[in-house]
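Below: the structure, in structure tokens.
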Amino acid sequence: MNNPLLEPFNQAPFSKIKNEHFKPAFLQAIEDTKKEIDDIVNNPEPPTFENTLEALDFSGQQLDRISSIFFNLNSAETNEEIQKIAQEVSPILSEFSNDITLNEGLFARVKTVYEQRDSLDLTTEQQTLLEKKYKNFSRNGANLKEENKKRLREIDAELSKLKLIFGENVLAETNKYEMLLTDEEDVDGLPEGTKEAAAQLAESKGKEGWMITLDYPSYIPFMKYAKNRKLRKELSMAFGSKGFHNDELDNQENVKRIVNLRHERANLLGYKTHADFVLEERMAETPEKVKDFLNELLEKAKPAAEREFTELEAYAKELDNIDRLEKWDSAYYSEKLKQKLFNLDDEKLKPYFKLENVINGVFKVAEKLFGLTFKEVDNVDKYHPEVKTFEVYDNDEFISLFYADFHPRPGKRGGAWMTSYKPQYILNGENSRPHISNVCNFTKPTSSKPSLLTFNEVTTLFHEFGHGLHGMLANTNYPSLSGTSVYWDFVELPSQVMENWCYEKEALELFAHHYETGELIPMELVAKIKESATFQEGMATVRQLSFGLLDMAWHGKAPLGIKDVKAYEEEAFESTNLFPETAETCMSTSFSHIFQGGYSSGYYSYKWAEVLDADAFAYFKENGVFSKMVADKFKEHVLSKGGTENPMDLYKKFRGAEPKIDALLERAGLV
Numbered sequence: 001m002n003n004p005l006l007e008p009f010n011q012a013p014f015s016k017i018k019n020e021h022f023k024p025a026f027l028q029a030i031e032d033t034k035k036e037i038d039d040i041v042n043n044p045e046p047p048t049f050e051n052t053l054e055a056l057d058f059s060g061q062q063l064d065r066i067s068s069i070f071f072n073l074n075s076a077e078t079n080e081e082i083q084k085i086a087q088e089v090s091p092i093l094s095e096f097s098n099d100i101t102l103n104e105g106l107f108a109r110v111k112t113v114y115e116q117r118d119s120l121d122l123t124t125e126q127q128t129l130l131e132k133k134y135k136n137f138s139r140n141g142a143n144l145k146e147e148n149k150k151r152l153r154e155i156d157a158e159l160s161k162l163k164l165i166f167g168e169n170v171l172a173e174t175n176k177y178e179m180l181l182t183d184e185e186d187v188d189g190l191p192e193g194t195k196e197a198a199a200q201l202a203e204s205k206g207k208e209g210w211m212i213t214l215d216y217p218s219y220i221p222f223m224k225y226a227k228n229r230k231l232r233k234e235l236s237m238a239f240g241s242k243g244f245h246n247d248e249l250d251n252q253e254n255v256k257r258i259v260n261l262r263h264e265r266a267n268l269l270g271y272k273t274h275a276d277f278v279l280e281e282r283m284a285e286t287p288e289k290v291k292d293f294l295n296e297l298l299e300k301a302k303p304a305a306e307r308e309f310t311e312l313e314a315y316a317k318e319l320d321n322i323d324r325l326e327k328w329d330s331a332y333y334s335e336k337l338k339q340k341l342f343n344l345d346d347e348k349l350k351p352y353f354k355l356e357n358v359i360n361g362v363f364k365v366a367e368k369l370f371g372l373t374f375k376e377v378d379n380v381d382k383y384h385p386e387v388k389t390f391e392v393y394d395n396d397e398f399i400s401l402f403y404a405d406f407h408p409r410p411g412k413r414g415g416a417w418m419t420s421y422k423p424q425y426i427l428n429g430e431n432s433r434p435h436i437s438n439v440c441n442f443t444k445p446t447s448s449k450p451s452l453l454t455f456n457e458v459t460t461l462f463h464e465f466g467h468g469l470h471g472m473l474a475n476t477n478y479p480s481l482s483g484t485s486v487y488w489d490f491v492e493l494p495s496q497v498m499e500n501w502c503y504e505k506e507a508l509e510l511f512a513h514h515y516e517t518g519e520l521i522p523m524e525l526v527a528k529i530k531e532s533a534t535f536q537e538g539m540a541t542v543r544q545l546s547f548g549l550l551d552m553a554w555h556g557k558a559p560l561g562i563k564d565v566k567a568y569e570e571e572a573f574e575s576t577n578l579f580p581e582t583a584e585t586c587m588s589t590s591f592s593h594i595f596q597g598g599y600s601s602g603y604y605s606y607k608w609a610e611v612l613d614a615d616a617f618a619y620f621k622e623n624g625v626f627s628k629m630v631a632d633k634f635k636e637h638v639l640s641k642g643g644t645e646n647p648m649d650l651y652k653k654f655r656g657a658e659p660k661i662d663a664l665l666e667r668a669g670l671v
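Following this line, the structure appears as structure tokens:
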């Protein structure tokens, strides 16, 4: 059979791909890559940077393209068949990855070049590539004894499967839960748009009434606005207990197994803990530095969080005679208090944030800052009719293809992310441009209203678009150093810095127009958005820090003898607790960021990047939020450079100094 994944292609040929193409394509591409590796190893010429390092970095390109298409579909448009294929191919890919890092002949050639590095005339980017490739071997077992290499392979194969199972369980739990409400009183307090969407969902399932699910666009408005406390509790418990029901979708044993295997792997490689292994390749460098960083912020934020909590509890008592504020009360009373203090209701803001206008707005911001233009095209193959596609130009020069996929579907995991279908690199003098994608889960249009975003969704769109720019503006020689291939605690800088423009009058004027009247968002609303940005920032900060501390608890010490996932989690949360504990819920069993995604020992990087982003945006503010001078420096030293240099060096070239925590504390109102 003709397999479209094995033909040469530029754009991903989605419409031609059938599920049965994937596994044969993976197996064939692995064989082809093995031949490329054999050619490097058996090259009779002495090892050089070109015939070894460059050749290695450009090997396996077809395999990488197939992987990116397949695993993105497994996140954005999955089904049982795709999940089954993922279970089959993940261990094969993990084994093949080990075949490369544990290939003695290949490592010997890399090591030869590495040992001559001081006498070679290498550019900074070439030095980085050499360093990175050498470390990739040494950090993944190339120097181990044979029996330890064998054990490493076993661990990696098992981990690749466990991570998939973990994620599938969370998705299945999310999809399984439905709360059907048939009494009008039960949806009291919900905004009209939310009610309409819930009624449409119920109807689509052949039921009458309103259906609420654990998908964010359904879950969050219900927790924020529903007056019925008993139903908020039910929904909150369902959300908080994903993977924690002692049934076939339970993740407790998976959590314990994953952390134990990661720890064993780190020990095999000579590291004290998984966090020590991970952080060696991060700006933060060590678990001690991360814990100090988190605790320093906690010390600053905790007093504010406790004040805010007391204020919220008193407000709930005054309003509804609530004696004890519970987790399912938080969003509801926070929203009420926020409306009282700022007279700012998300529902009043939504008409100004029609999805198409916000997309247009983020494009205009990118145009003013970086000279980019976006042209929607309909000749690009897509994996779902809802996906929008754009060609991106930098001063009339084509620089990227951009896919955007904005609404929840049953086959799509929750959350929002940026991904790439094709990396950028320069080969034989030709600059091969990237194909970048943003995937989100925003409120869908209804029969009477277009997709109107909450302000939180607006900032999410800008955030993911910041990652997108990091991919689109990539301009490096080697694919493995391109775009977002940077230290993990640097990768959130472009995304988080972009969120700042959502609060700026000059940016909002570009796109925040009422979807019916065309009226510009009133500037007093903008002032309130800015003023309310620090509302309960202490509580929000403590919440984020609690996730970072939980991550470090799982990965920053030996996980030996952990019997009870919930008890261990409670201990990790002790210093950050504000709300009473609920025995029926557990965060760890659905903490996909660290158990399925790439954030193990890295969750702190959200806060770390906030320090960078507050400091970076302060530079813009000093010179004007659309300062060409600052934007050019950001484009040159951050967005286009990928992982070609040490991130702190890149940051200092942009900013002129290392980042200070002060800008963040000031912005958050914590000083």
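Residue 662 in the UniProt record's numbering sits at position 662 of the sequence shown, with consecutive numbering throughout.
Backbone N, C-alpha and C define an ideal beta-carbon position, used for all residues, glycine too.
All figures in this text were calculated on a predicted structure; none of them were measured in a lab.
{"query": "Span of the alpha helix (DSSP H) around Y651", "result": "647-655"}
{"query": "With 16 other Cβ atoms within 10 Å as the buried cut-off, status of R307", "result": "exposed"}
{"query": "Which listed residue (H470, T273, R232, L6) has its alpha carbon closest to that of Q61", "result": "L6"}
{"query": "Per-residue DSSP class, three states only, for H513", "result": "strand"}
{"query": "Candidates A157, E281, Q83, V380: closest to F9 by CA position", "result": "V380"}
{"query": "H593: first and last residue of the uninterrupted alpha helix (DSSP H) it sits in", "result": "592-595"}
{"query": "Spatially closest choice to N140 from L269, K621, T585, by CA coordinates", "result": "L269"}
{"query": "With 16 other Cβ atoms within 10 Å as the buried cut-off, status of S119", "result": "exposed"}
{"query": "Coarse secondary structure for V365, derived from DSSP in three states", "result": "helix"}
{"query": "Among E264, D99, M283, E584, the one whose alpha carbon lies nearest that of K327", "result": "E584"}
{"query": "Among P522, V458, I594, F626, the one whose alpha carbon lies nearest that of K354", "result": "V458"}
{"query": "Residues near K412 in its chain [Cβ-Cβ closer than 6 Å; skip 5 each side]", "result": "A76"}
{"query": "S437 - partner residues in DSSP beta bridges", "result": "Y403, T419"}
{"query": "Cutoff 8 Å; reference I17; Cβ partners in own chain excluding five residues on either side", "result": "P4, L5, I69"}
{"query": "Inter-stretch contact at 8 Å, needing at least 3 Cβ pairs: the stretch 358-365 / the stretch 451-465", "result": "yes"}
{"query": "Contact belief for P647 with P408 at Cβ below 8 Å, rounded distance in angstroms", "result": "In fact, because the Cβ distance is near 34 Å, the residues do not count as touching under 8 Å."}
{"query": "Rounded separation between L665 and L427 - CA only", "result": "45 Å"}
{"query": "Cutoff 7 Å; reference residue 743; Cβ partners in own chain excluding five residues on either side", "result": "Here the chain comprises residues numbered 1 to 671, so residue 743 is not present and cannot be evaluated."}
{"query": "Ordered list of alpha helix (DSSP H) runs contained in the stretch 117-184, each at least 4 residues", "result": "124-138, 146-176"}
{"query": "Opposing strand residues paired with N431 [DSSP bridges]", "result": "I426"}
{"query": "CA nearest to the CA of D215, picked from R151, G414, I40", "result": "G414"}
{"query": "Y599: CB within 6 Å of a non-hydrogen atom of the ligand GTP", "result": "Judged by which ligands are present, the structure shown has none, so any question about the ligand GTP falls away."}
{"query": "Rounded separation between A618 and L612 - CA only", "result": "10 Å"}
{"query": "Cβ neighbour criterion (16 or more within 10 Å) applied to F402", "result": "buried"}
{"query": "Beta-carbon separation (whole angstroms), R109 vs V41, contact threshold 8 Å", "result": "7 Å"}
{"query": "Member of S575, H555, F654 whose CA lies at the smallest distance from the CA of F277", "result": "H555"}
{"query": "Inter-stretch contact at 8 Å, needing at least 3 Cβ pairs: the stretch 623-640 / the stretch 276-293", "result": "no"}
{"query": "Reduced DSSP category for W488 - H, G, I as helix; E, B as strand; rest coil", "result": "coil"}
{"query": "Boundaries of the beta strand (DSSP E) in which Y393 is found, first to last residue", "result": "388-394"}
{"query": "For M211, the residue or residues it bridges with in DSSP", "result": "L180"}
{"query": "The stretch 126-136 / the stretch 48-57 touching (three or more Cβ pairs under 8 Å)", "result": "yes"}
{"query": "Beta bridge counterpart(s) of E397 as assigned by DSSP", "result": "D394"}
{"query": "Candidates N343, S400, F654, Y606, of which the one nearest H463 by Cα", "result": "Y606"}
{"query": "DSSP-derived helix/strand/coil call for S376", "result": "Reading off the sequence, residue 376 comes out as Glu, not Ser. Strand at E376."}
{"query": "Local conformation of L452 per DSSP, three classes", "result": "strand"}
{"query": "Spatial neighbours of L453 in its chain, beta-carbon cut-off 8 Å, leaving aside the 5 residues before and after", "result": "K350, F353, K354, L355, V358, F442, T443, L461"}
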